[in-house]
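Heads up: the protein sequence lines correspond to chains W and Y, in order. For the first sequence, counting from 1, position 5 maps to 5 in the numbering used here; every step adds exactly one. So the number in the numbering used here is just where the residue sits in the second sequence, counting from 1, plus 159. All C-beta atoms, glycine included, are put in the ideal place defined by N, C-alpha and C. Owing to the predicted nature of the structure, the values given are computational and were not obtained by experimental measurement. For reference, the structure discussed in these notes is given below.
Protein chains: 2
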Amino acid sequence: MEQRIDRIKKQLQSQSYKLTPQREATVRVLLEHEDDHLSAEDVYMLVKEKYPEIGLATVYRTLELLTELKVVDKINFGDGVSRYDLRQEGADHFHHHLVCLECGAVDEIQEDLLGDVEKIVETRWNFHIKDHRLTFHGICHRCHDTSSPGHEKSEVHQK
Amino acid sequence: MEQRIDRIKKQLQSQSYKLTPQREATVRVLLEHEDDHLSAEDVYMLVKEKYPEIGLATVYRTLELLTELKVVDKINFGDGVSRYDLRQEGADHFHHHLVCLECGAVDEIQEDLLGDVEKIVETRWNFHIKDHRLTFHGICHRCHDTSSPGHEKSEVHQK
DNA sequence: TGTCAAATGATAATGATTATCAAATTAAAA
DNA sequence: TTTTAATTTGATAATCATTATCATTTGACA
Ligand SMILES: [Mn+2]
Ligand SMILES: [Mn+2]
Ligand SMILES: [Zn+2]
Ligand SMILES: [Zn+2]
């Protein structure tokens, strides 16, 4: 955790940005919720618990900055808000998502899986890939397994 | 074209919706701009040319309805607006997109390409796929081919 | 300690989308 | 054809996420 923050600090400083207390508090929230997909508002609420003076604009600015530095990825699942997803350190590709239409859960796929597809796109479309977004919509294993009557909703659902 | 509209009409009627003149005008605009990725506002402007009395709210409602019927897919490329993309008739999967970071052009990939990946996701994650969204971000063939000095921007760029 | 750019927080502004509601249209019933 | 009831529409207000503004604070450094 501390090492992770330290590396982000160095990354900021390498572009002559400072790791202010507000920025650090925001990064800590992101690290502590690595598996979630928080909106700016979500992050704001969580940071406030530890750093009540922080302003919403600062959270937006910090998330914007972290996106620029590729510390986080900004993603949109189609419910009118942007969500921010911490990148795996050293991962050269953004991970994929499984969005459940039943319970709203968002699960992650860290494996690449797209190697062959990207090779085809690069050569056949002559398109030089820098990044990608892959999201599957469907029924998650929890909703799938459970027989229809009275299966509870996941707590990980959006909105 | 007329046949295509006729089939959409039937699809609407099968759910007891009417193909009103406003809806037909909207569908025509979508068909005439099949390769583009229009925002609601874009559609509104274009429909107004043929049907000036139409209201913006009606366009939004029509696009919403067509999304429900899976005539169009709603997609978000990360510039604060939703875009509406006519589905290929009979295609069981939404097509993929290539977004150029240089000129903003959005190209389409109609081929599936994801067959193997989906098989893996279905079995290994026990996730029942209903739909997907795949977008590559990178440098398109036009910007790639052209040597850096003075290559013009595509007309297909967003915003 | 004094200086200056960077960063912050409060708040106003913007812009896309949605909600509201009275009027118009439509299809079916009488 | 008239009546009726439900659907659809257009104008406009409301909402909500995000961005812009600006006065104040902070931090690094001379
Ligand atoms: Mn994720
Ligand atoms: Mn498309
Ligand atoms: Zn589920
Ligand atoms: Zn390009």
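In chain order, what residues of the same chain have a beta carbon less than 7 angstroms from the beta carbon of residue i, not counting five sequence neighbours either side?
| i | result |
| --- | --- |
| H132 of chain W | H93, F94 and L114 |
| D85 of chain W | H37, V72, D73 and I75 |
| F286 of chain Y | V280 |
Quick one: what does DSSP say residue i is sitting in, helix, strand or coil?
| i | result |
| --- | --- |
| C100 of chain W | strand |
| Y84 of chain W | strand |
| K119 of chain W | helix |
| D290 of chain Y | strand |
| H33 of chain W | coil |
| L224 of chain Y | helix |
| T179 of chain Y | coil |
| L273 of chain Y | coil |
| A91 of chain W | coil |
| I5 of chain W | helix |
| T305 of chain Y | coil |
Enumerate in chain order the residues of its own chain whose CB-to-CB distance from residue i is below 8 angstroms, with the five nearest sequence positions on each side excluded.
| i | result |
| --- | --- |
| Q13 of chain W | L19 |
| V202 of chain Y | T185, V188, L189, V218, L222 and Y243 |
Given this structure, state the Cα-to-Cα distance separating residue i from residue j, to the nearest angstrom.
| i | j | result |
| --- | --- | --- |
| E191 of chain Y | K10 of chain W | 51 angstroms |
| V230 of chain Y | W125 of chain W | 27 angstroms |
| T62 of chain W | T26 of chain W | 8 angstroms |
| E200 of chain Y | M1 of chain W | 45 angstroms |
| A250 of chain Y | T226 of chain Y | 15 angstroms |
| T123 of chain W | R246 of chain Y | 25 angstroms |
| K48 of chain W | I129 of chain W | 38 angstroms |
| D145 of chain W | V81 of chain W | 30 angstroms |
| I5 of chain W | D275 of chain Y | 38 angstroms |
| E270 of chain Y | D194 of chain Y | 15 angstroms |
Looking only at DSSP bridge pairs, what is residue i linked to?
| i | result |
| --- | --- |
| I268 of chain Y | Y:H255 |
| K207 of chain Y | Beta-bridge pairing links K207 of chain Y to no other residue. |
| L233 of chain Y | Strictly speaking, residue 233 of chain Y in this sequence is Lys, with Leu absent from that position. K233 of chain Y pairs with Y:Y243. |
| I298 of chain Y | W:H128 |
| S39 of chain W | W:R83 |
Under 6 angstroms Cβ to Cβ from residue i, same chain only, skipping five residues before and after it: list those, please.
| i | result |
| --- | --- |
| H96 of chain W | I109 and L134 |
| Q181 of chain Y | I213 and T217 |
| L98 of chain W | D107 and F136 |
| L215 of chain Y | Y203 |
| L120 of chain Y | With chain Y covering only 160 through 318, there is no way to say anything about residue 120 of chain Y. |
| L228 of chain Y | Q170 |
query = For the segment 119-143 of chain W, which residues have a CB atom closer than 7 angstroms to at least one CB atom of chain Y, in sequence order?
reply = Listed by position along the chain: I120, V121, W125, N126, F127, H128, I129, K130, D131, H132, R133, L134, T135, F136, H137, G138, I139, C140 and H141.
request  = Determine which residues of the segment 44-76 of chain W have a Cβ less than 9 angstroms from any Cβ of chain Y, and write them out in chain order.
outcome  = Going along the segment 44-76 of chain W in chain order, one finds K74, I75 and N76 with a Cβ nearer than 9 angstroms to chain Y.
query = Of the residues that make up the segment 235-256 of chain Y, which ones have a beta carbon closer than 7 angstroms to any beta carbon in chain W?
reply = Residues N235 and G237.
request  = May I ask you to list, following chain order, the residues of the segment 167-195 of chain Y that have a beta carbon less than 7 angstroms from some beta carbon of chain W?
outcome  = Cβ contacts with chain W come from no residue of the segment 167-195 of chain Y.
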